[in-house]
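Residue numbers (the working numbering), protein chains in the order written: chain Y, 1 to 103; chain E, 104 to 269; chain P, 270 to 661.
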Amino acid sequence: MSPLNAYLLLSASLFSIGLTGALTRRNAILVLIGIELMLNAANLNFIAFWRYGPHPEALTGIMFAIFSISVAAAEAAVGLGIILAVHRHLKTTDLDQMNSMKG
Amino acid sequence: MTVVFLILAALTIAGAAAAMSLRSAIHCILALTLGLVGLAALFLQLGAQFVGFTQILVYVGAVAILAVFAIMMTHRASAPAEPILSASWLTGAIVAVAVFAVLAWAIHSTPALTPASLPQPEASVNQIGAALMHRFVLPLEIIGLLLTVALIGAVIVAMPEKQDTL
Amino acid sequence: MTPGTIDQIFVISKHWLLGYVPAMLQPVVSAILSVAPVLVVFPLLFAITTVLERKGLGRIQNRYGPNRVGPFGFSQPIADGIKSLTKEDIVPRSADQVVHFLAPLLLVLAAFLAYAVLPIGRNMVIVNLNAGVLFFFAVGSMVELAVFMAGWSSRSKYSLLGAMRAVAQMISYEIPLVLASIVIIMASGSLSTVAIVNLQSGYTSIWPHWFLFTPWGFAGFILFMIAATAESNRSPFDLPEGESEIIAGYYIEYSGFKFALFFLGEYLGMFATSGLAITLFLGGWSAPFSFLTWIPSYLWFFAKLLVIICAFIWVRGTFPRLRMDQLMGLAWKFMLPMALLNIFTAGVWHFMPAGIARWLLCSALLLAPCLLLSRGLKQGRKLQVRTYRFAE
Numbered sequence: 001m002s003p004l005n006a007y008l009l010l011s012a013s014l015f016s017i018g019l020t021g022a023l024t025r026r027n028a029i030l031v032l033i034g035i036e037l038m039l040n041a042a043n044l045n046f047i048a049f050w051r052y053g054p055h056p057e058a059l060t061g062i063m064f065a066i067f068s069i070s071v072a073a074a075e076a077a078v079g080l081g082i083i084l085a086v087h088r089h090l091k092t093t094d095l096d097q098m099n100s101m102k103g
Numbered sequence: 104m105t106v107v108f109l110i111l112a113a114l115t116i117a118g119a120a121a122a123m124s125l126r127s128a129i130h131c132i133l134a135l136t137l138g139l140v141g142l143a144a145l146f147l148q149l150g151a152q153f154v155g156f157t158q159i160l161v162y163v164g165a166v167a168i169l170a171v172f173a174i175m176m177t178h179r180a181s182a183p184a185e186p187i188l189s190a191s192w193l194t195g196a197i198v199a200v201a202v203f204a205v206l207a208w209a210i211h212s213t214p215a216l217t218p219a220s221l222p223q224p225e226a227s228v229n230q231i232g233a234a235l236m237h238r239f240v241l242p243l244e245i246i247g248l249l250l251t252v253a254l255i256g257a258v259i260v261a262m263p264e265k266q267d268t269l
Numbered sequence: 270m271t272p273g274t275i276d277q278i279f280v281i282s283k284h285w286l287l288g289y290v291p292a293m294l295q296p297v298v299s300a301i302l303s304v305a306p307v308l309v310v311f312p313l314l315f316a317i318t319t320v321l322e323r324k325g326l327g328r329i330q331n332r333y334g335p336n337r338v339g340p341f342g343f344s345q346p347i348a349d350g351i352k353s354l355t356k357e358d359i360v361p362r363s364a365d366q367v368v369h370f371l372a373p374l375l376l377v378l379a380a381f382l383a384y385a386v387l388p389i390g391r392n393m394v395i396v397n398l399n400a401g402v403l404f405f406f407a408v409g410s411m412v413e414l415a416v417f418m419a420g421w422s423s424r425s426k427y428s429l430l431g432a433m434r435a436v437a438q439m440i441s442y443e444i445p446l447v448l449a450s451i452v453i454i455m456a457s458g459s460l461s462t463v464a465i466v467n468l469q470s471g472y473t474s475i476w477p478h479w480f481l482f483t484p485w486g487f488a489g490f491i492l493f494m495i496a497a498t499a500e501s502n503r504s505p506f507d508l509p510e511g512e513s514e515i516i517a518g519y520y521i522e523y524s525g526f527k528f529a530l531f532f533l534g535e536y537l538g539m540f541a542t543s544g545l546a547i548t549l550f551l552g553g554w555s556a557p558f559s560f561l562t563w564i565p566s567y568l569w570f571f572a573k574l575l576v577i578i579c580a581f582i583w584v585r586g587t588f589p590r591l592r593m594d595q596l597m598g599l600a601w602k603f604m605l606p607m608a609l610l611n612i613f614t615a616g617v618w619h620f621m622p623a624g625i626a627r628w629l630l631c632s633a634l635l636l637a638p639c640l641l642l643s644r645g646l647k648q649g650r651k652l653q654v655r656t657y658r659f660a661e
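Quick look at the structure:
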C-alpha cells in the first residue's frame, strides 16, 4: 500500500467516524463536533494529495486546507450560536425533542 | 508506512472514536482535541508546517474552547442517565458503515496514479504568502468578508432577546 | 579563549560530545543535548524568580520578604520545593479524576514546548522552524484549554467561575498579543525567530537595529507586554486567581505537587512570552551597543529576561487589580484598535523615505489616537469629592 493510499484510508475512516457521530448522537453540540471531524478528514485528504500528487509547487492543497480551516471555524461559531439560541428557547439541546417547527 | 505514521494514525482514530462515543460531552471535546492534535502532527509529517500550526491555533485554541463553553452553558445537571444515542441511531450507523465501505473500496481499487516515493515539496511561509497575494487573493478577500459576517452573525444570533417589560 | 569561543562554548561542546556517539544515535542524542539545558535552566530561573518576587514585593510594600532560610532568605525555593513535594495530594471525591490529573500536565507541557523556538544565543535555538512565531502562538493557545480543564474538573463553583473568567481573559488578550507581533513579522518578512533576531543584530555606529527603537516597535512592545501580563494572569490582571477575590480561582482544589506544577506552568509561560518579546522587539541575544559585543550572547538574553522579570514584579507591586469588565474593556476597546493602528503605522513607515519626517508622522499617528481613545473611554467620569457618612 503506497503512503498516499494509507493517508486516504485514514481520512476515509475519520470521515466515517465523524459521520457516525453526526448521525447517531443526541446532543446537538456533539453533532457539530462530528461535522468538524468530517471537515478535518477532508483537510487531511487535501494535504495528502498535495504531498503525493502532481504539481505540489502550485500549493493548491495547502491553500484549500487553510481556507477550509477558516470556514470551519466560522461555521462552528455560528452553529454554536444557533444551538445556544435554541437552548434558550426550548431549554434542551436534545435533537430528538426538536421535532416541530412551531414555537 | 513508517512507525511514526502508524502511531499518529492510531492516536487520531482513538481520539475521534472516543469523541463520538463517550457519555460526558466535555470528555468528548477533550478526546476530539487529542484527535485534532494527532491530525496536526500528521500534517507536520507530510511537510505542511503552516497548516499544522494553524490547525492547532484555530481548532485547539478556539473551536474546542468555544465548544466547551457552549456545553457548559447548555448543561443540565439533572438527568445523567438519559440515552446518548438518538432514536434513529441504527440507520445512521448503517449509513456511515456503507459510506466507509464505498470509500475504502474506491481507494483500494484505484491504480496508483503517481510514483510511491516523491521528494518532499517545499511550502515555506514566503511561498504561501506570495500565493495568497497573487493567485488566491480573491478567496482571501472573500474569507475576510465571510469571517466578519460570521462574527457579527454569531453575536446577533446568540444575543439574548430584548425583553419588553410593562 | 577568544570572545567568539566563549560565546559558542555550548555549541562547540555539544558537537564535541556528539563526536563520541555512534552515527545511528546521533539525532536522538543531539535532540536530548539541545533540550536538556532548557529543562534545567528555566525551572532554576523559576525558583530564583519566586524568591526575587517575594523579596521585591516585600520591599515595595515596606517590609522584608522571606529572610529566614539561607543567606538573606535566598534558599527559600528549596524550602518551598520540599513543602510542595511532601504535602498530601487531596483530590475531591466528586472531581473528574482523569481530567483533574491531566490539567497541570498539559499546562506544563504547553509552557515547555514554547521554548523550542526561542534563540537563546547565537546559533543556540532548539529548532529553527520556518513558522516559528506561529508555532509559539499555537502552543500558547493550548494553555487556555488546560486552564479550563483544571477549573471544570474540580466540580466546584469557585473553580468553574475562575476558569471561565481566566479563559475569557486569555482569549481576549491573545488578539492584541498576536497583532502586536504581526508588526514585527511585517517588518522582518519572516516568521522564523532566528531570522528576526539576525535582522536586529546589526549596528549603525554604536546604535543597534532593535525594533524597539522605532515608533511602531515601541508601541508594539508596550502592547505586547500588557497583553503578555494578561495572558499569564499576572497582576494587575490576576482577577481569575486573586486570593482576595475568588480564593485562587481555577486551582482551588489542587494541593501539593500539582499546585506547584500550576505555578511552574504560569511562570514558565511568563518567561516564554518575555523571551518572545525579547526576540521580537529587543534584539534577542544581540548586545545593546556595538562595543559590548564581547559579552557572550546568552548572557545578554538572560540579562534582558531578568530586566523584564523585575519589571513584572515592579508592576505587580504597584498597580491595583483590574475588575473583569475593566479588563475586557481594555482589551477590546483600547488595545485592539491601537494594535491595528500600529500595523497601519508600520506600513506608513515602510513606504516613507528615511529621515525625521517619518519619525514625526508615525509618532503622531500613534500618540494622537492613543490620547483620544483613552480620553474617550474614560467617558468624562469626574472624581467626586469624598464625602463621609457617620453613624448617628
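No residue lacks a Cβ here, since even glycine has one placed at the ideal position from N, Cα and C.
DSSP-derived helix/strand/coil call for Asn43/Y: helix
Interface residues of the stretch 217 to 236 of chain E facing chain P [CB-CB below 7 Å]: Hits within the stretch, in order: Ser227, Val228.
is_contact[Ala173/E, chain Y] using C-beta, thresh 7 Å: yes
Residues in the stretch 562 to 595 of chain P having any Cβ partner in chain E nearer than 8 Å: From the stretch 562 to 595 of chain P, no residue has a Cβ closer than 8 Å to chain E.
Arg25/Y - partner residues in DSSP beta bridges: Leu188/E
CB contact below 7 Å: Asn45/Y versus chain E: no
Which of helix, strand or coil DSSP assigns to Met293/P: helix
Through-space distance from Leu30/Y to Trp569/P, alpha-carbon basis: Cα atoms of Trp569/P and Leu30/Y: separation of roughly 50 Å, rounded to the nearest angstrom.
C-beta contact flag for Val386/P and Phe404/P at 7 Å: yes
Beta-carbon gap between Ser353/P and Phe540/P smaller than 7 Å: no
Reduced DSSP category for Thr473/P - H, G, I as helix; E, B as strand; rest coil: strand
Member of Pro565/P, Glu522/P, Arg658/P whose CA lies at the smallest distance from the CA of Glu357/P: Glu522/P
Assigned exposure category for Leu545/P - 16 Cβ within 10 Å defines buried: Classification for Leu545/P: buried.
Selection from Leu609/P, Leu641/P, Arg658/P that minimises the alpha carbon distance to Met455/P: Leu609/P
Rounded separation between Ala122/E and Ala372/P - CA only: 18 Å
Buried or exposed (CB count within 10 angstroms, at least 16 for buried), Glu36/Y: buried
Span of the alpha helix (DSSP H), counted from its first residue to its last, around Arg434/P: 426 to 457
Nearest-angstrom Cα separation, counted from Gly61/Y out to Phe49/Y: 7 Å
Between the CA atoms of Ile301/P and Val290/P - distance to the nearest angstrom: 12 Å
Residues of its chain near Phe203/E, where Cβ-Cβ distance is below 8 Å and the 5 sequence neighbours each way are ignored: Excluding positions up to five away in sequence, the list is empty.
Candidates Ala65/Y, Ser68/Y, Arg88/Y: closest to Arg179/E by CA position: Arg88/Y
Best match in His619/P, Leu430/P, Val617/P, Asn611/P for proximity to Tyr520/P [C-alpha to C-alpha]: Each of His619/P, Leu430/P, Val617/P, Asn611/P was checked against the Cα of Tyr520/P, and the nearest Cα belongs to Leu430/P.
Contacts of Gln152/E in chain P (Cβ-Cβ under 9 Å): Those are Leu398, Asn399, Ala400, Leu403, Phe404, listed as they occur along chain P.
Members of the stretch 240 to 263 of chain E that neighbour chain P once the beta carbon cut-off is set at 9 Å: none
Any C-beta of chain E under 7 Å from that of Gln411/P: Reading off the sequence shown, one finds Met at residue 411/P, where the question assumed Gln. A Cβ of chain E is located within less than 7 Å of the beta carbon of Met411/P.
Residues of its chain near Phe279/P, where Cβ-Cβ distance is below 8 Å and the 5 sequence neighbours each way are ignored: Cβ neighbours of Phe279/P beyond the five flanking positions: Pro306, Gly390, Met393, Tyr567.
Sequence-distant residues of the same chain with beta carbon closer than 8 Å to Val310/P, five excluded per side: none
Beta-carbon neighbours of Ser189/E, restricted to chain Y and to distances below 7 Å: Thr24, Arg25, Arg26, Leu95, Asp96
Bridge-paired residues (DSSP) for Met393/P: Answer is Gly390/P, bridged to Met393/P.
Counterpart residues of Asp94/Y in DSSP-defined beta bridges: Asn27/Y
Boundaries (first-last residue) of the alpha helix (DSSP H) holding His130/E: 128 to 148
Selection from Gly138/E, Leu133/E, Ala196/E that minimises the alpha carbon distance to Ile110/E: Ile110/E has its Cα closest to that of Gly138/E, out of Gly138/E, Leu133/E, Ala196/E.
Euclidean distance between Cα positions of Asn336/P and Arg585/P: 21 Å
Nearest candidate by alpha-carbon position, reference Pro505/P, set Met597/P, Pro557/P, Ser450/P, Ile444/P: Met597/P
Whole-angstrom distance between Ser543/P and Phe381/P, CA atom to CA atom: 14 Å
Straight-line Cα distance separating Val140/E from Met418/P: Taking the straight line joining both Cα atoms gives about 16 Å.
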